[in-house]
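In this note's numbering, the protein residues as written are 2 to 500.
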């Protein structure tokens, strides 16, 4: 048996170096959830700008993840990893000292550009660091757990920093890690290229990115300012471009997005699980951060401590998923993830303007079990559902579903909450924090604003819970039952089941 000692120490140091970046990329998806009230006070973004500040990062990562993975194969993973780290660092520096919403949105977009290069290249380099199959599998598992842990601890880390420093500190902490990585990565990591990298269709990349951004912009504009001819035209254009993108994929020999994989029901359930679990998690995390501070009046440090139990449970569940699968099987674990998430979300429906902290903790703990299972199982289930020669495309789509889900959760469900706030609120401003900071605001108007926000929170969380539970029911019907026997499964059989 291969032991830890057979792997060169240089490989483990290089692995740790890559993990530090992976944790940062994941953490920056969620680090702003508790920071937004402070950012609102400092640079006063509009309701639409506030949503873009949080989710532009995820949109850029999701839009370019597959394309940059293919480009890394062609031009070298280490080059892309170093270039991505540099862009991520420059974006972090810009966000740290941003003085306007527009500059912060642009800086977050640049960070997303760097993040899109880091994830696929980092995973490819990690896979080549460990020639031994068992150690490689363990390393990939740790890679996935680090990514999930980064998501989970982002709000907590942000809250702890904001208790002592200004809001820009949540980006400033990225810079030392990036500097260390750029200094040591060329010495510890080797260049990785594929022998026959696939061609990247530039038009498909542009179609997917522009179509998504235009469609989401239309939704946000409607939620923040109401419907208009311009807003509807932009939305229609975005949808038309996305339809064009889908039709083009079926005509390409090497499509950017292999839509044929969705003919497999197991693969479809896995990707939808990755998408919806992040939609729910991102929306609940973002809206709950505002709720705890601006409605219930907790300090950012207290809000961070309230988020800690859920983050701990999510991380432990992610790490312990292998043991759960050994006991109940992959099918049962994946199905259970939906019902844990849905049940946890439903608890938030009972929160109010004067009390709700205990319900919030219970919600994050119960849902955290489901998130941990989901984050660990999605990519593995998606890859196992398709033929070996299409495993790379399946894994890339699974990763993209996570990133896109996180961005869509804030964009769509955040916009839904903003719509309810605009409709039921006092009409003083577009966001709760800006409304509450309005000079001369009456107690009655403040109470109305808080009620309106909670109504929007309940609407968004209710939609997320309904979608998650519906997917759980679909998973029961679509996922094949596991066959329990004492004989080891053949590779062909393993590709056809999720057991």
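Note that the Cβ used here is the ideal one computed from N, Cα and C, for glycine as well. This structure is a prediction, so every number in the text was calculated from the model and none was measured.
With fewer than 16 other CB atoms across the displayed protein chains lying within 10 angstroms of its CB, residue 445 is exposed. Straight through space, the alpha carbons of residue 183 and residue 340 are spaced by roughly 42 Å.
DSSP places residue 452 in the uninterrupted alpha helix (DSSP H) bounded by 444 to 479. For residue 377, the enclosing alpha helix (DSSP H) covers residues 358 to 385. In the DSSP assignment, residue 132 falls outside any alpha helix (DSSP H), carrying neither H nor E.
If you draw a straight line from the Cα of residue 430 to the Cα of residue 420, it is about 12 Å long. For residue 286, the three-state secondary structure derived from DSSP is helix.
DSSP, reduced to helix, strand and coil, places residue 192 outside both helices and strands of the structure shown, so it counts as coil. In the structure shown, residue 242 falls within a helical segment according to DSSP collapsed to helix, strand and coil. Excluding residues up to 5 positions away in sequence, 147 and 151 lie with their Cβ nearer than 6 Å to the Cβ of residue 24 in the same chain. Counting of Cβ neighbours within 10 angstroms places residue 78 among the buried residues, the total reaching 16 or more. Annotated three-state conformation of residue 426 is coil, per DSSP. For residue 91, the enclosing alpha helix (DSSP H) starts and ends at 78 to 97. For residue 336, the enclosing alpha helix (DSSP H) stretches over residues 331 to 348. Sequence-distant Cβ neighbours of residue 114 in its own chain, meaning closer than 6 Å and more than five residues away, are 61 and 88. Of 461, 35 and 185, the smallest CA-CA separation from residue 22 is found for 185.
Secondary structure of residue 175 (DSSP, three-state): helix. With respect to residue 159, residue 404 sits apart: the two C-beta atoms are not nearer than 8 Å. The DSSP-derived three-state label of residue 276 is helix.
Residue 188 counts as exposed, since fewer than 16 other C-beta atoms from the protein chains shown sit within 10 angstroms of its C-beta. Rounded to whole angstroms, the Cβ separation of residue 433 and residue 295 is 5 Å, and the two are in contact under 8 Å.
Annotation for residue 208: the continuous alpha helix (DSSP H) segment containing it runs 203 to 226. Less than 8 Å separates the beta-carbon of residue 292 from that of residue 458. Residue 69 and residue 450 have their alpha carbons spaced roughly 43 Å apart. The Cβ atoms of residue 336 and residue 168 lie no closer than 8 Å to each other. With a 10 Å radius around the Cβ and a threshold of 16 neighbouring Cβ atoms, residue 64 comes out buried. If the five residues before and after residue 370 are omitted, its C-beta is found closer than 7 Å to the C-beta atoms of 314, 318 and 341, all from its own chain and listed in chain order. Between residue 128 and residue 137, the CB-CB gap stays under 8 Å. Annotated three-state conformation of residue 101 is coil, per DSSP. Ranked by Cα distance from residue 306, the options 287, 362, 356 and 260 are led by 362.
Judged by DSSP in its simplified three-state form, residue 407 adopts helix. The DSSP-derived three-state label of residue 254 is coil. Rounded to whole angstroms, residue 44 and residue 173 show a C-alpha spacing of 17 Å. Taking all protein chains shown into account, residue 234 has fewer than 16 neighbouring C-beta atoms within 10 Å of its C-beta and is therefore exposed. Going by beta carbons, residue 321 and residue 466 fall outside the 8 Å limit.
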